[in-house]
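Reading through the structure tokens given below for one structure.
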Amino acid sequence: MKKLFQPGSIALIGADRQPRSIGSVLARNLFSGQFEGPVLPVHARLPAVRGVLAFSSIAELPIAPDLAVIASPADEVPGLITDLGARGTHVAVVLTAVADRAFASRLAEAAKEAGVRVVGPACLGIIVPAIGLNATYAHTQAKPGDVALIAQSGSLVSAVLDSAAGREAGFSVVASLGDMIDIDFAELLDFLALDPRTRAILLAIDCVVDATKRSCRQHGSRQE
């Protein structure tokens, strides 16, 4: 979880030049924030992304990034996950939507074999305002605060961000989990229960399982 929410470096995989596409908005958000670490674009065809040199493959990256954010076509994602594991990157946020459960299972298996933990697929991404990290395609920026927002639905997260912007409300963490083939609410709650920047957690849960219930109790019983 530390490399997900406190990465020192990020690989941006799948950005493009279409002005309103997911990859384009993601690249804008990553490069326009205050994130201090290197953001390393990976693209097989583009020589640069927003003026930053792009690498043609994950294998060519000069370092193993702490975190990868993927907005590539769905059929490329399992192979990218395999390549990330081989390069030494073990956490990925997959914004790409997948076609069906069979493909999601294939992606989950690829991630397990590669040793890569996955947020998503079909998620909005994550934001950590305190470190200037916005790895989403949301059109509204989040201000720093002490409330964590965790949801599956990207559209719901976007709506909350829009509402919060008008109220000057801020967040410690914002995360959209999408299809949750791997990392889920329970793991994030366990992490946030010990996060000194988080005073409260706002959850939008489609399905509650026992692990999530236990994590809710843990956070609820934490002494301030």
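Going by my numbering, the sequence shown opens with residue 292, and the numbers climb by one from there. Glycine included, each C-beta is placed from N, C-alpha and C at the ideal position. Fair warning: this is a prediction, and the values are worked out from it, not measured in the lab.
**OP:** Would you list the one or two residues that DSSP bridges to Asn425?
**Re:** Ile418
Subject >> Residue from Tyr428, Thr380 and Ala393 whose Cα sits closest to the Cα of Gly406 >> reply: Thr380
**OP:** Could you tell me which residues DSSP puts in a beta bridge with Ile441?
**Re:** Ala466 and Leu494
Original post:
In the DSSP assignment, what residue or residues form a beta bridge with Arg408?
Top reply: Val382
**OP:** Measure the C-alpha to C-alpha separation of Ala390 and Val330 and round it to an integer number of angstroms.
**Re:** 29 Å
Original post:
For Thr431, which residues of its own chain have a beta-carbon under 6 Å away from its beta-carbon, when the five flanking residues on both sides are left out?
Top reply: Leu452, Asp453 and Ala456
**OP:** On the DSSP bridge assignment, give the partners of Ile301 in chain order.
**Re:** Val330 and Leu358
Original post:
Sorted by chain position, which residues of the same chain lie with C-beta nearer than 7 Å to Arg378's C-beta, five sequence neighbours on each side aside?
Top reply: Ile349, Ala350, Leu352 and Ala355
Original post:
Since Pro435 sits in a beta bridge, which residues does DSSP pair it with?
Top reply: Phe462
**OP:** Measure the Cβ-Cβ separation of Ala413 and Gly469 and say whether it is below 8 Å.
**Re:** yes
Original post:
By the 10 Å Cβ neighbour count, where 16 or more other Cβ atoms means buried, how is Ala362 classified, buried or exposed?
Top reply: buried
**OP:** Check whether the Cβ atoms of Val448 and Val409 sit closer than 8 Å, and answer yes or no.
**Re:** no
**OP:** Please work out which residues of its chain come closer than 8 Å, Cβ to Cβ, to Ala335, disregarding the five sequence neighbours upstream and downstream, and give them in chain order.
**Re:** Ser347 and Ser348
Subject >> Ala283 and Gly461 closer than 8 Å at C-beta >> reply: The chain is shown only over 292 to 515; residue 283 falls outside these bounds and no answer can be derived.
Subject >> Presumed contact (8 Å Cβ cut-off) between Val340 and Ile304, rounded CB distance >> reply: That belief does not hold up - the Cβ atoms of Val340 and Ile304 are roughly 10 Å apart, past 8 Å.
Original post:
In its own chain, which residues sit with a C-beta less than 6 Å from the C-beta of Ile441, not counting the 5 before and 5 after it?
Top reply: Ala466, Leu479 and Leu494
Subject >> Per-residue DSSP class, three states only, for Leu344 >> reply: strand
**OP:** For the alpha helix (DSSP H) holding Gly314, just list the boundary residues, first then last.
**Re:** Ile313 to Ser323
Original post:
Would DSSP call Ala413 helix, strand or coil?
Top reply: coil
Original post:
With a CB to CB cut of under 6 Å and the five nearest residues on each side skipped, what residues in its chain are close to Leu317?
Top reply: Ala362 and Tyr428
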